[in-house]
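Quick note, in full-length UniProt numbering, the sequence shown goes up one by one and the last residue is 141.
Heads up, the beta-carbon is just placed ideally off N, CA and C, and yes, glycines get one too.
The structure appears below as structure tokens.
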Amino acid sequence: AQRTLVLLKPDAVQRGLRGEIIRRLEAKGYDIVALAQRTADAEELAAHYAEHEGRPFYSGLVEYMGAGPLVALVAEGVNVIGGFRSLAGATNPTEAAPGTIRGDLACEKDLPVIQNLVHGSDSEESAAREIDIWFPELG
Ligand code: GTP
Ligand code: MG
Numbered sequence: 003a004q005r006t007l008v009l010l011k012p013d014a015v016q017r018g019l020r021g022e023i024i025r026r027l028e029a030k031g032y033d034i035v036a037l038a039q040r041t042a043d044a045e046e047l048a049a050h051y052a053e054h055e056g057r058p059f060y061s062g063l064v065e066y067m068g069a070g071p072l073v074a075l076v077a078e079g080v081n082v083i084g085g086f087r088s089l090a091g092a093t094n095p096t097e098a099a100p101g102t103i104r105g106d107l108a109c110e111k112d113l114p115v116i117q118n119l120v121h122g123s124d125s126e127e128s129a130a131r132e133i134d135i136w137f138p139e140l141g
């Protein structure tokens, strides 16, 4: 089956939404094959968000993601990469549909970076790369 890398971002941990988000993922039928909570260091975040380096929101993004503990997990299931992104909803919480994690649980703030509770890999290549960053022992 396919695997994806999910992050419950620091705002999700801080707001006490770990259980709610993991509940949705498990209720959908996906399996969690690895899970860890820690505060991300600069090296991990630079690797994880390499594609966004140079964007105007990049420094805000790294600051947000390193501001407190996050939960990294690997979920497994048929089409879990696209399936988890469907559960998450649109990047911008204002545009995210009701029924999605971001649509139901996040709202847009007047901040330098969009705080949207979760990350999910966007392709098989990204998933392999990101799983290797957060869970090198699974490789
Ligand atoms: P991730 O699952 O976190 O990768 O979100 P995504 O794939 O829906 O979005 P993307 O990879 O394009 O952006 C990564 C993160 O950067 C987003 O989740 C936001 O936190 C932030 N971000 C993306 N685009 C913008 C933007 O245009 N403005 C601001 N301020 N933040 C952004
Ligand atoms: Mg992305």
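For Leu47 versus Gly70, is the C-beta spacing smaller than 8 Å? Between Leu47 and Gly70, the C-beta spacing is not below 8 Å.
My understanding is that Val76 touches Phe137, with C-beta atoms under 8 Å, so please give their C-beta distance in whole angstroms. Rounded to whole angstroms, the Cβ separation of Val76 and Phe137 is 6 Å, and the two are in contact under 8 Å.
CB-CB under 7 Å to Gly62, same chain, minus the five flanking residues each way: which ones, in chain order? Pro114, Val115, listed in sequence order.
Going along the chain, which residues of its own chain have a beta-carbon closer than 8 Å to the beta-carbon of Val80, five neighbours each way excluded? The beta carbon of Val80 sits closer than 8 Å to the beta carbons of Ala3, Gln4 from its chain, once the five residues preceding and following it are set aside; these are given in chain order.
Tell me where the alpha helix (DSSP H) around Asp13 begins and ends. Per DSSP, the continuous alpha helix (DSSP H) segment holding Asp13 begins and ends at 12 to 16.
Span of the beta strand (DSSP E), counted from its first residue to its last, around Asp33: First-last of the beta strand (DSSP E) with Asp33: 33 to 40.
Beta carbon of Gly122 nearer than 8 Å to that of Arg87: In this structure, Arg87 lies closer than 8 Å to Gly122 by Cβ.
Would Arg104 be called buried (16 or more neighbouring beta carbons within 10 Å of its own) or exposed? Result: buried.
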